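Notes to accompany the following structure.
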Amino acid sequence: MNRKLFVAALGASSLAACSSDVKSQLTNTFRSQLSVAQNLNEAVIGTRGMAKLYRESDINEPFRTNGLATPTDTRYADAMRDDYRGYRLPVDGLVERPHTFTLAELRAMPLLTQITRHDCVEGWSVVGKWTGVQLATVIAMAQPKATARFVIFHCFDKDDDGTEYYESLNLHQAAHPQTLLALDLNNKPLDPDHGAPVRLRVPTQLGYKSAKWVRRIEIAATFPNTLLSKGGYWEDQGYEWYAGI
Amino acid sequence: MTHAPTDPQPGERIYRHSIAARTAHWLWTFAMLVLVMSGLQIFNAAPYLDASYKTDPAHRVLAFDAYTGPNNQPVGTTTIFGHTFVTTHLFGFTDDGSGSEGPRAFPASITLPAVQDLADGRLWHLFFGWVLLIAIVLYIVVGAIRKDLREIVLRPSDLPKLLPMQLYYLRLRPEPPPHGKYNPLQKAAYTLVLFVFIPLIILTGLALSPGADASLPWLTSVFGGRQFARTWHFLLMSILIVYFVVHMILVFANGPINNIVAMITGWYKLRDHDGVGA
Chain Z
54 MNRKLFVAAL GASSLAACSS DVKSQLTNTF RSQLSVAQNL NEAVIGTRGM
104 AKLYRESDIN EPFRTNGLAT PTDTRYADAM RDDYRGYRLP VDGLVERPHT
154 FTLAELRAMP LLTQITRHDC VEGWSVVGKW TGVQLATVIA MAQPKATARF
204 VIFHCFDKDD DGTEYYESLN LHQAAHPQTL LALDLNNKPL DPDHGAPVRL
254 RVPTQLGYKS AKWVRRIEIA ATFPNTLLSK GGYWEDQGYE WYAGI
Chain E
263 MTHAPTDPQP GERIYRHSIA ARTAHWLWTF AMLVLVMSGL QIFNAAPYLD
313 ASYKTDPAHR VLAFDAYTGP NNQPVGTTTI FGHTFVTTHL FGFTDDGSGS
363 EGPRAFPASI TLPAVQDLAD GRLWHLFFGW VLLIAIVLYI VVGAIRKDLR
413 EIVLRPSDLP KLLPMQLYYL RLRPEPPPHG KYNPLQKAAY TLVLFVFIPL
463 IILTGLALSP GADASLPWLT SVFGGRQFAR TWHFLLMSIL IVYFVVHMIL
513 VFANGPINNI VAMITGWYKL RDHDGVGA
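Written as structure tokens, this is what we have:
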């Protein structure tokens, strides 16, 4: 009877964090000094070129899940009812024409399918086939105002403390042709564990940028309106906002 | 070897390392210490290496694991090419940095931070990656301008001297072959580290990055894909650690005070059999 301890630890961490919740003794001032490297990395690597495309035979099935647990939020339960008929995706904020999409409307838009690698910050990677709407299309329909800089993804999932998951990209990253609002994974509509009904897919950055269970897309001039925000749930836990490396 | 009358004689002090070379040397020494320790912290988040473009247990070359043994005792294991060794307390099931032990590939004593904190490990690693790069570029550029690199880079004419030098080290030959400031084996080691291992460890690290894979797709591909690049990155770290151990043994065997003083002040006291430079 060999109970795998790593599996137990990973099970716990898939709820709590990509790593455990312990924080080292660094001061935030020192952290911000170390993170100047992030600016260099973004300047040097940035979001250029195209993520490598893989073959059908490379696909991982089942596809490994990551991040927080499937939302238990009542809003998510409402959206899920009747095959997500209650789901609405507003695109609002600093835009000329706010839009609200139903799942059927998103599915009626031109869909792109690509087989790309999902790189977790922990160091593992899996290959999946994603079908979805280019984020650029949805954003263009809403017509961002001149002052807009960021696209913020508000999600249904929360951690044990009740903190909601969110993520953000800048308009350049959001306009990358491979940045998708994914609807299908491996030829099937997303299941609840993989972010149903709509998740972000950013193959040029680490997995934590690919927010699951997206419930609202906000176009903004700054990160969400809290002083402490670093641009995303994991960013607020100390991970880099630029996750190309 | 014989010296021309104008050459410095054993016992004399010569100016051996430029200020740029010394600065670069200590910068990359510190950078590599931080990079190894923060790298092990990052490794702990996915404690296995695959010889594949994606995570694939069928091509696993190294894995650390932990499970509960027959007497309810935790067991830590290390598996190399399918051969499993029990390494409880050393690897696999180790000190977690907060006063107890847990499933953890490398122990808190050799990771940065000590506790498992991937985000801070990455902050250290990605910052000191730049320090290493800047130190190496500084060393090579200043060395090329000052023509110091000539003394370090292995040349075809050094190749026949490698074996005699090894025989001298093994005390099978009374005198080293004639050479310049550095002997042919030193030149071989320094050339490999400066121009092969360190550039490769930087490139394999970059190859792990999804952003770099998109903008420089050849980079990740030449190393066999992301997970394979991670395996090469780890192997290169192991090679550099072996190099460091040998480097320390030789420094201590050849007058540690003299060598360390020289790498701090630049001035080196010549010993018998030392080459004096071009």
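Protein sequences, first through last, are from chains Z and E.
Residue numbering for the first sequence follows this note's numbering, beginning at 54 and increasing consecutively.
Residue numbering for the second sequence follows this note's numbering, beginning at 263 and increasing consecutively.
Every residue, glycine too, gets a C-beta built ideally from N, C-alpha and C.
Predicted, not measured: the structure shown is a model, and the values here were computed from it.
Nearest-angstrom beta carbon gap, Gly297(Z) and Thr257(Z) [assumed within contact, 8 angstroms]: For the purposes of this step, residue 257(Z) is taken as the residue at position 204 of the first sequence. For the purposes of this step, residue 297(Z) is taken as the residue at position 244 of the first sequence. In this structure, Thr257(Z) and Gly297(Z) form a Cβ contact; the two beta carbons are roughly 6 angstroms apart against a cut-off of 8 angstroms.
Any C-beta of chain Z under 9 angstroms from that of Arg488(E): Here residue 488(E) refers to the residue found at position 226 of the second sequence. Closer than 9 angstroms to some Cβ of chain Z, the Cβ of Arg488(E) qualifies, so yes.
Cβ distance (whole Å) where Val337(E) is taken to contact Ala325(E) below 8 angstroms: The residue you call residue 337(E) lines up with position 75 of the second sequence. The residue you call residue 325(E) lines up with position 63 of the second sequence. The distance from the Cβ of Val337(E) to that of Ala325(E) is about 14 angstroms, inconsistent with a contact at the 8 angstroms cut-off.
Distance between Gln448(E) and Pro245(Z) (C-alpha atoms, nearest Å): Here residue 245(Z) corresponds to residue number 192 of the first sequence, with the count starting at 1. Here residue 448(E) corresponds to residue number 186 of the second sequence, with the count starting at 1. Computed Cα separation, rounded: 59 angstroms.
Listed by chain order, chain E residues near Gln258(Z) by CB distance under 7 angstroms: Here the question's residue 258(Z) lines up with position 205 in the first sequence. Ordered by position in chain E, the residues that pass the 7 angstroms Cβ test against Gln258(Z) are Pro472, Gly473.
Cβ-based contacts, 7 angstroms cut-off: residues of the segment 179-195 of chain Z near chain E: Result list: Val179, Val180.
Beta-carbon proximity list for Val323(E), same chain, < 8 angstroms, skipping 5 on both sides: Working through the second sequence from its first residue, we reach residue 323(E) at position 61. Cβ neighbours of Val323(E) beyond the five flanking positions: Leu311, Asp312, Ala313, Ile342, Phe343, Thr493.
Local conformation of Gly473(E) per DSSP, three classes: Counted from its first residue, the second sequence places residue 473(E) at position 211. Here Gly473(E) sits in helix by DSSP.
Chain E within 9 angstroms of Glu293(Z), Cβ atoms only: Taking the first sequence and counting its residues from 1, one reaches residue 293(Z) at position 240. With 9 angstroms as the cut-off, Glu293(Z) counts as an interface residue toward chain E.
C-beta atoms of Glu217(Z) and Gly284(Z) nearer than 9 angstroms: Mapped onto the first sequence, residue 217(Z) falls at position 164. Mapped onto the first sequence, residue 284(Z) falls at position 231. The Cβ atoms of Glu217(Z) and Gly284(Z) do not sit closer than 9 angstroms to each other.
Under 9 angstroms by beta carbon: chain E residues contacting Glu271(Z): Taking the first sequence and counting its residues from 1, one reaches residue 271(Z) at position 218. Ordered by position in chain E, no residue passes the 9 angstroms Cβ test against Glu271(Z), which lies about 24 angstroms from the chain.
Inter-stretch contact (C-beta, 8 angstroms, three-pair minimum) for the segment 514-525 of chain E and the segment 486-505 of chain E: No: fewer than three Cβ pairs fall under 8 angstroms.
Within-9 angstroms CB hit, Pro375(E) to chain Z: Position 113 of the second sequence, counting from 1, holds the residue named residue 375(E). It does; some Cβ of chain Z falls within 9 angstroms.
Alpha-carbon to alpha-carbon, Glu95(Z) and Leu87(Z): By one-based count along the first sequence, residue 87(Z) stands at place 34. By one-based count along the first sequence, residue 95(Z) stands at place 42. When only Cα atoms are considered, Leu87(Z) and Glu95(Z) end up about 14 angstroms apart.
Range covered by the alpha helix (DSSP H) that runs through Phe83(Z): By one-based count along the first sequence, residue 83(Z) stands at place 30. Boundaries of the alpha helix (DSSP H) around Phe83(Z): 81-87.
DSSP state of Asn223(Z) mapped onto helix, strand, coil: Reading the first sequence from its first residue, position 170 is the one you call residue 223(Z). Of the three classes helix, strand and coil, the one that applies to Asn223(Z) here is strand, per DSSP.
Lys241(Z) - partner residues in DSSP beta bridges: Taking the first residue of the first sequence as 1, we reach residue 241(Z) at position 188. For Lys241(Z), which the question treats as bridged, DSSP gives the partners Leu238(Z).
Chain Z residues whose Cβ lies nearer than 9 angstroms to that of Asp357(E): For this step, residue 357(E) is matched to residue 95 along the second sequence. Near Asp357(E) there are no residues of chain Z at all, since even the closest Cβ is about 13 angstroms away, more than 9 angstroms.
Alpha-carbon to alpha-carbon, Ser282(Z) and Phe276(Z): One-based indexing of the first sequence puts residue 276(Z) at position 223. One-based indexing of the first sequence puts residue 282(Z) at position 229. Looking at the two C-alpha atoms, the distance is approximately 6 angstroms.
Under 9 angstroms (Cβ pairs) to chain E, residues found in the segment 208-227 of chain Z: Shown here is that no member of the segment 208-227 of chain Z has a Cβ falling below 9 angstroms from a Cβ of chain E.
Gln196(Z) versus Ile402(E): straight-line alpha-carbon distance, rounded: Looking up residue 196(Z) in the first sequence gives position 143. Looking up residue 402(E) in the second sequence gives position 140. Taking the Cα positions, Gln196(Z) is about 50 angstroms away from Ile402(E).
Below-9 angstroms beta-carbon distance, Val89(Z) vs any chain E residue: Within the first sequence, the letter at position 36 stands for residue 89(Z). With a threshold of 9 angstroms between beta carbons, Val89(Z) makes contact with chain E.
Assigned secondary structure, Asp74(Z) (DSSP; H/G/I helix, E/B strand, else coil): Here the question's residue 74(Z) lines up with position 21 in the first sequence. Residue placement at Asp74(Z) cannot be trusted, given a pLDDT of 48 that sits under 50; what the coordinates show is reported in the next sentence. Note: Asp74(Z) maps to coil in three-state DSSP.
Residue burial classification, Arg366(E) (beta-carbon count within 10 angstroms, cutoff 16): As a position in the second sequence, residue 366(E) is number 104, starting the count at 1. With 16 or more Cβ atoms within 10 Å of its Cβ, Arg366(E) is classed as buried.
Stretch-stretch touch, CB-based, cutoff 8 angstroms, three pairs: the segment 368-380 of chain E with the segment 300-309 of chain E: The segment 368-380 of chain E is in contact with the segment 300-309 of chain E.
Top-ranked residue by Cα proximity to His152(Z), from Lys262(Z), Arg128(Z), Glu175(Z), Met194(Z): Reading the first sequence from its first residue, position 99 is the one you call residue 152(Z). In terms of Cα proximity to His152(Z), the closest of Lys262(Z), Arg128(Z), Glu175(Z), Met194(Z) is Met194(Z).
The segment 106-120 of chain Z contacting the segment 143-161 of chain Z, beta-carbon criterion three pairs below 8 angstroms: No, the segment 106-120 of chain Z does not touch the segment 143-161 of chain Z.
Short CB-CB distance (under 9 angstroms) between Gly391(E) and chain Z: For the purposes of this step, residue 391(E) is taken as the residue at position 129 of the second sequence. At least one beta carbon of chain Z lies nearer than 9 angstroms to the beta carbon of Gly391(E).
The segment 109-121 of chain Z: positions lying closer than 9 angstroms to chain E by Cβ: From the segment 109-121 of chain Z, only Asp111, Asn113, Arg117 have a Cβ closer than 9 angstroms to chain E.
Where Ser263(Z) sits in the DSSP three-state scheme: In the first sequence, the residue the question calls residue 263(Z) occupies position 210. Ser263(Z) carries a coil assignment under DSSP once its states are collapsed to helix, strand and coil.
Neighbour flag for Glu302(Z) against chain E, beta carbons, 9 angstroms: The structure shown has nothing for residue 302(Z), since chain Z only spans 54 to 298.
Identified DSSP bridge partners for Pro197(Z): As a position in the first sequence, residue 197(Z) is number 144, starting the count at 1. The bridge partners DSSP lists for Pro197(Z) are Val148(Z).
Chain Z within 9 angstroms of Pro272(E), Cβ atoms only: For the purposes of this step, residue 272(E) is taken as residue 10 along the second sequence, with counting starting at 1. No - not a single Cβ of chain Z is within 9 angstroms of the one on Pro272(E).
Which residues DSSP lists as bridging His535(E), in chain order: For the purposes of this step, residue 535(E) is identified with residue 273 of the second sequence, where counting begins at 1. BP columns for His535(E) are empty, so no partner.
CB contact below 9 angstroms: Arg170(Z) versus chain E: Taking the first residue of the first sequence as 1, we reach residue 170(Z) at position 117. So, interface residue.
Neighbour-count burial assignment, Glu293(Z), 16 or more Cβ in a 10 Å radius: Against the first sequence, residue 293(Z) aligns to sequence position 240. With 16 or more other CB atoms across the displayed protein chains lying within 10 angstroms of its CB, Glu293(Z) is buried.
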